[in-house]
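Residue numbers (the working numbering): -17 to 102. Every residue, glycine too, gets a C-beta built ideally from N, C-alpha and C. No experiment lies behind these values; they were computed from the predicted model shown.
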């Protein structure tokens, strides 16, 4: 007779449900971020093309309107680049690895002190 597998307790089911909900939430956030990055990248390409055409026009016509549009395009490009960079690096992405490194480095220092005191 094969051994019976233990039935999962209700707390295990609750934990699993919470983990699944958290994974689904993280997936939704990742999809949202991916869509935003695609949209910003496309907009950045469009603005870059427009910027190049305005710069060519500025060489022919040095009017205030063209200079103002050039300045506006540069500002919008900087904003999009900042959004792309800031969204890629967030504290949440580094929080867990950071604390793990702190924890294990601290543990290593303590073990080193203990070994040094035992040897000395």
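Taking one C-beta from the region 40 to 58 and one from the region 83 to 98 each time, how about it: are there three or more such pairs within less than 8 Å? Result no; under three Cβ-Cβ pairs closer than 8 Å.
Check residue 85 in the structure and name its three-state DSSP category. Looking at residue 85 - three-state DSSP - the assignment turns out to be helix.
What number of angstroms, rounded off, separates the C-alpha of residue 10 from the C-alpha of residue 17? The straight-line gap from Cα to Cα measures roughly 11 Å.
What does the alpha-carbon distance come out to for the pair residue 0 and residue 22? If I take the Cα positions, the gap works out to 33 Å.
Starting from the C-beta of residue 62, find all residues in its chain whose C-beta is less than 8 Å away, skip the five residues before and the five after it, and write them out in chain order. Once the five neighbours on either side are set aside, the close Cβ partners of residue 62 are 22, 25, 26 and 29.
Please report how far the alpha carbon of residue -7 lies from the alpha carbon of residue 5, in whole angstroms. Cα atoms of residue -7 and residue 5: separation of roughly 18 Å, rounded to the nearest angstrom.
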